[in-house]
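*Asks:* Take this structure first; my questions come after.
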Amino acid sequence: MSATPRWERCVSHRGADAEEFVRGYFGGGDRRIGLIAGAGFDPRSARTAELLAGVAGGRMRALFLREERPEPDPHLVASAAANASRLTGLIPDSVVESFDVFDATDTAPVGGRRVVGVLGRQLNTDGLTDLVIDCSALSVGVCFTVTKYCLEVASSRGLNLHVTVLDHPGTDGAIEATHCGRPSPPHGFQGEWQLAQCANAARLWLPQLGRGKRSVLEEVHKFVNPHEVCPILPFPATWPRAPDNLIEEYGDLFERPWQVDDRDLIYAHETSPLDLYRAILRIDAGRRRVFRGTGGSQVILSPVGSKAVALGMLMAALERGFAVVLVESLAYKAAPAVLDVSPGPAGELVHIWLHGEAYAPTTRGGET
Amino acid sequence: MENPFLSRAAEQLRDDEAFLAVVSPEPVTHHLKKAGEAGILYDRLVLIRGTPGSGKTTMARLFEYPTLYTLLRNKSSTGYKELHAALSECRAVRDEEPLVLGCRLPMESDYRDFWEFPYPEETKTNLMMSLLQARTVLGWFRHLRSAGVSPDRVEMVTRPESQALLDTIGGTKGESVAARAAEVENRIYKLITALVPPDAATLAKDVGESYRPFDHIEKIRVPAVQGAEAVGRELVPLAIFDDAHELHPDQFRALERVLVRRELRIARWIIARFDVLRPEQALAEATEDRSDVSDYPGVTVGRDTVLILLQSSGRRVEQRKRFRALAKDMAARYLRRMPLLNDKGLTALGNLLPEADAGITPGRLKELGGKVDSAQGQLRISATLRAGYEKQIRAYWKDKTALPPDVERAMLLVMMHRTEARRPSKPAPTLLDEIDPVEAPPDPEPSRPVAANDTVYEAALFQLFRRYERPYYYGIDAVCDAGSENAEQFLRLSAELVEAVVTQLARAKPASLPPAAQHRLLRETANRIMEKWSFPQHPAVRRVVERIAAECADKSLEPNGAVIANAFGIPQAEFDALPKSDPAAARVLQFAVAYNAITLVPNHNCQNEVWCLLELGGVALLKYGLTLKRGGFIKGTAARLGEFVAEDAG
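In order, the protein sequence lines correspond to chains A and B.
The numbering used here numbers the first residue of the first sequence as 1 and each following residue consecutively.
The numbering used here numbers the first residue of the second sequence as 369 and each following residue consecutively.
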């Protein structure tokens, strides 16, 4: 394990800076871009595609992923279909691929493995210089697996890898999810905590608190059965009362069964994924030293709140091989007003450059 | 103060002493004693099935080696004696020694992933079985180590015919067997966590040769001290595969096929919910009549398997009585862990939930009195008949306590309506008939005399609850019954009541909760529990429960209270055909049963017809305000059930 975190110096942007970066960087004529994005009902589906199509229309192709869940709300299906058609209109060299998030027979969450199958069949990186994953309209479990897969592809083929998300906690909160009740790791993020050799390790669970996610986190807690819990609160937050509201919502769980006191709380900047990434790595480094002689330490992450903050967890998990445990959403509900894309999507674009030229010289793969 | 009721699942307690302190021996004795005494718990595949919270995992944990070890270390402690006796009866321990080396493997983790691999079914099953066996072996060693027995002091006792294959499991010496198991686990785990699984062609190279310790191990020899002499003691290795419903149904059957083989010498249990079964199998298991097998309650013994159901089965009155005793014992164990209550001797939940002083407000009572008087006029009940009924009600009540006026009036009202309902019908007057009220003949007597009895009393209580807001759900028995014979559900419902008791004490108020408070808290808790339903098919289950509840409420609120219903009856023949005639409804029903939303009562005889009753679970009964008393049902059909399932399904 390297002492310096991989993304200690990370190229990342937010808001107007991110949009300026996209226009400037991808506007360069030598960029050949592959976009992977969700083609779901989420009103944020098209923002990154629009930006990219505006500056690199003829130099990009796209793979749009459509997550299929059992008995979807017809309004959401209609909205997803409209978004898909909009996306394919923006990027003609594109394909929309559907995959089941749940197995049709036993409703087991299988989205991660199924999306890897889709990527294996459909992701063509020939001639590309940059891969962009837009997580805005992908569920967290799926975008974690997609990013890990793409990081391996980018590393082996010398591509630049970027992750974007249109961060809008309001939209995240307005989309109501019914969870499937089965905690499971996104594919590729199983970690090692379930191996017999880690049976005596001290398990630390870092749940990102989110509004309305209480039952999800209760299920995950039962599954992980951690020795310690350090909940992650958004602070500073867009809505200053957000941490207080979350403490109010989760207060009784803090007392019992999580047994959390105020020294255990982790405050993560709501608009900066890197803040949480660095905090997690610091905590892990400290614990590794402390528990080295008593079975080791295992850190388990649960990103269930804002997607931008979840990216910080994703980076930490990619770097240190932490386990991630989630409860996949079986169904979604959203008010028509939330799905309305006519006023333009709300929120700020977050961009993180995960791999490529910014960090070390690479040979551009696929160029002729 | 910590409320142990809120932690609900006893198996979540990490510390074995704390776990043993709250576990009641009753389920072990009830479900496993006979099978244990008969020696069939450890020589063939044992299938344990139950709803969530029915105590499956708690039971499994009791048989894990560290738990047995802790129990034996503290066996003189008062609370452990009964458990020791129960486990002795099951032949898990004898005197000071454990007899089995149990290891529980939760199947909720990564085993389902094998079924997503692009390999033939046989390959996937072999991979899963190798990982399961490796982890079980590692679990046995881990448990022995926690009891102070290191692998180098352990030896495998293997089948004589396995000699040539012992290298595949690392031989017979503990250290090498443990090392081999760890190697297999690591190799297969790498395969599971690989983003893209390797080609089938290179698989053998990645995972190595086949690994089947269950085929070779008979016993595990560990050192023991007898007097001054060190001797070897042989333990029966027990593998408990918990939460096996998390597997894909085909995978589950593959696991069963492997473990059912008679040549296996280790003890093996599979614990699962009903989810994993096909609807026809699940519904058949849930409705199979086991009432004749009085020696083996809920147990079906086959040549190769033993099926143990932690559901209601057999005689329902006895089941309810048994659960009430279990729940009270469990509550007492939990209350003893709360110093605030234990120090005051408040360790009987029943004493904190009094049943006296339930009633309605004076205004409501006056309103009820007016309704009785007007009903007397409308229904043409003579003053003599009314006086007779009032006398009957007093006789029914006897002198146990003062007859509550609201109950008296409500019973009278029900009896008046029953009188009307039982009068022979007479032809309706035509316009040409001249009716002289003075000369009109008196109304005929009812075809059957109306008596003040339990059914009238139940109807009166129900109507007082629904129409006059009289508390209905109070007292320890109501809490037990609302638990639907499910330990976790009982604890969830009790938790809020206990929390309120603690608050009362903190405010220097009497500890006991008045009926109105009990009633309110139970209904609020039930509401919250149902809001959090998130199991598979829960929207459809919720829909079915809601529709059944609405129809039951309509029927129960009829003024004569003929039926106070909480169940939906389907002719048994239609029910038996349901998996084929309406697979969607059968699947929904399977999950409703698996998650305690509905209990099936098969072969219920009523008016020369045989019915299968879909009885609503306790939580739904509380939420929708229906009776907890069993037996009343509305007559329906499978087609009607299908309509409930299909409504709004989109």
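Don't be surprised by glycine CBs; every beta carbon is placed ideally from N, CA and C.
Being a predicted model, the structure only gives us computed values, none of them experimental.
Please name the residue in E788(B), E484(B) and T995(B) whose C-alpha comes closest to that of G745(B).
*Replies:* Looking at the Cα atoms, E788(B) is the closest of the given residues.
*Asks:* Following the continuous beta strand (DSSP E) through N973(B), name the residue where it begins and the one where it ends.
*Replies:* Note, N973(B): beta strand (DSSP E), I966 to C974.
*Asks:* Just to confirm the assignment, what range does the beta strand (DSSP E) spanning F64(A) have?
*Replies:* Unbroken beta strand (DSSP E) run through F64(A): M60 to E68.
*Asks:* Return the first residue and the last residue of the alpha helix (DSSP H) that T823(B) is part of.
*Replies:* First-last of the alpha helix (DSSP H) with T823(B): D822 to Y836.
*Asks:* When Cβ atoms are compared, which residues of the stretch 142-163 of chain A fall closer than 8 Å to chain B?
*Replies:* Those residues of the stretch 142-163 of chain A that come within reach of chain B (Cβ to Cβ, closer than 8 Å) are T145, K148, Y149 and E152.
*Asks:* Helix, strand or coil: which one does DSSP assign to W7(A)?
*Replies:* In this structure, W7(A) counts as coil in the three-state DSSP scheme.
*Asks:* Report the partner residues of C471(B) according to the DSSP bridge assignment.
*Replies:* Paired residue(s): A607(B).
*Asks:* With C-beta atoms as the reference, is F852(B) less than 8 Å away from T967(B)?
*Replies:* Here residue 852(B) is Ser; the residue named in the question, Phe, does not match the sequence. In contact: S852(B) and T967(B) (Cβ atoms closer than 8 Å).
*Asks:* Check the Cβ of A550(B) against every Cβ in chain A and list those closer than 7 Å, keeping chain order.
*Replies:* By Cβ distance, chain A contributes A196 and Q197.
*Asks:* With 9 Å as the C-beta to C-beta threshold (strictly closer), list the residues of the stretch 77-96 of chain A near chain B in chain order.
*Replies:* Those would be none; no residue qualifies.
*Asks:* Output yes if chain A places a C-beta closer than 8 Å to the C-beta of P665(B); else output no.
*Replies:* Model confidence at P665(B) stands at a pLDDT of 47, short of 50, so the residue's coordinates are unreliable; what they give is reported in the following sentence. Not closer than 8 Å to any Cβ of chain A, the Cβ of P665(B) fails to qualify, so no.
*Asks:* Less than 8 Å between the CB atoms is what I'm expecting for T105(A) and H616(B), so what's the real figure, rounded?
*Replies:* Sure, about 7 Å apart at Cβ, within 8 Å.
*Asks:* Within the chosen definition, does the stretch 25-36 of chain A reach the stretch 68-78 of chain A through at least 3 CB pairs nearer than 8 Å?
*Replies:* Judged by Cβ distances under 8 Å, the stretch 25-36 of chain A makes no contact with the stretch 68-78 of chain A, as fewer than three pairs qualify.
*Asks:* For R955(B), tell me which candidate among L467(B), A652(B), A592(B) and F431(B) has the shortest Cα-Cα distance.
*Replies:* Out of L467(B), A652(B), A592(B) and F431(B), A652(B) has the C-alpha closest to the C-alpha of R955(B).
*Asks:* So Q190(A) and M313(A) are supposed to be a Cβ contact under 8 Å. How far apart are they, rounded?
*Replies:* About 15 Å separates the two Cβ atoms, so there is no contact after all.
*Asks:* Report the three-state DSSP secondary structure of R157(A) (helix, strand or coil).
*Replies:* Looking at R157(A) - three-state DSSP - the assignment turns out to be helix.
*Asks:* Can you grab the Cα-Cα spacing for the pair V912(B) / S862(B), in whole Å?
*Replies:* So the two alpha carbons sit approximately 26 Å from each other.
*Asks:* Grab me the residues of K587(B)'s own chain with a C-beta within less than 6 Å of its C-beta, minus the 5 sequence neighbours each way, in chain order.
*Replies:* Answer for K587(B): V525 and E602, listed in chain order.
*Asks:* Do A49(A) and L35(A) have their beta-carbon atoms positioned less than 8 Å apart in this structure?
*Replies:* Going by C-beta atoms, L35(A) is nearer than 8 Å to A49(A).
*Asks:* Taking 8 Å as the CB-CB limit, is G181(A) close to chain B?
*Replies:* Interface residue, yes.
*Asks:* In its own chain, which residues sit with a C-beta less than 8 Å from the C-beta of W901(B), not counting the 5 before and 5 after it?
*Replies:* Taken in chain order, the residues that qualify are V909, R910, Y963 and A965.
*Asks:* Kindly indicate the opening and closing residues of the beta strand (DSSP E) around Y433(B).
*Replies:* Not the beta strand (DSSP E): Y433(B) falls in the alpha helix (DSSP H), residues Y433 to R441.
*Asks:* Under the assumption that A743(B) contacts L771(B) (Cβ atoms under 8 Å), give the Cβ distance between them as a whole number of angstroms.
*Replies:* With a Cβ gap of about 19 Å, A743(B) and L771(B) do not count as contacting.
*Asks:* Establish whether the CB of P951(B) and some CB of chain A are separated by less than 8 Å.
*Replies:* Output row for P951(B): interface = no.
*Asks:* Is the shortest distance between the beta-carbon of L223(A) and the beta-carbons of chain B less than 8 Å?
*Replies:* According to the sequence shown, residue 223(A) is Phe rather than Leu. Yes, contact with chain B.
*Asks:* Distance cutoff 8 Å, beta carbons only. Does F1012(B) sit that close to anything in chain A?
*Replies:* With 8 Å as the cut-off, F1012(B) does not count as an interface residue toward chain A.
*Asks:* Across which residues does DSSP place M524(B) in a beta bridge pair?
*Replies:* Answer is I588(B), bridged to M524(B).
*Asks:* Kindly indicate the opening and closing residues of the alpha helix (DSSP H) around V913(B).
*Replies:* H906 to S924 is the span of the alpha helix (DSSP H), which, as asked, contains V913(B).
*Asks:* What is the residue span of the alpha helix (DSSP H) that R701(B) lies within?
*Replies:* That run of the alpha helix (DSSP H) goes R684 to L703.
*Asks:* Hey, how far is the Cα of R472(B) from the Cα of A502(B)?
*Replies:* R472(B) and A502(B): Cα-Cα distance of roughly 13 Å.
*Asks:* If we ignore side chains and look at the alpha-carbon of each, how far apart do D134(A) and G120(A) end up?
*Replies:* Near 18 Å, if we compare the C-alpha coordinates of G120(A) and D134(A).
*Asks:* Any idea if D660(B) is buried or exposed, counting beta-carbon neighbours within 10 angstroms, 16 or more meaning buried?
*Replies:* Bear in mind that the predicted position of D660(B) carries a pLDDT of just 38, short of 50, making it too unreliable to give a figure here.
*Asks:* Residues of chain A with CB under 7 Å from L506(B), in chain order?
*Replies:* Neighbours of L506(B) on chain A, chain order: A196.
*Asks:* Would you decide whether V806(B) is buried or exposed? Buried here means 16 or more other CB atoms lie within 10 Å of its CB.
*Replies:* For V806(B), the predicted model reports a pLDDT of 48, less than 50, meaning its position is unreliable; a value from the coordinates is still stated below. The residue in question, V806(B), is exposed, as its Cβ has fewer than 16 Cβ neighbours within 10 Å.
*Asks:* Report the residues of the stretch 556-580 of chain B with a CB closer than 8 Å to any CB of chain A, ordered along the chain.
*Replies:* Against chain A - using a Cβ distance shorter than 8 Å - the residues of the stretch 556-580 of chain B are Y557, I560, T561, L563 and V564.
*Asks:* Does the stretch 177-188 of chain A touch the stretch 211-231 of chain A, meaning 3 or more C-beta pairs lie closer than 8 Å?
*Replies:* At 8 Å Cβ cutoff, the stretches touch.
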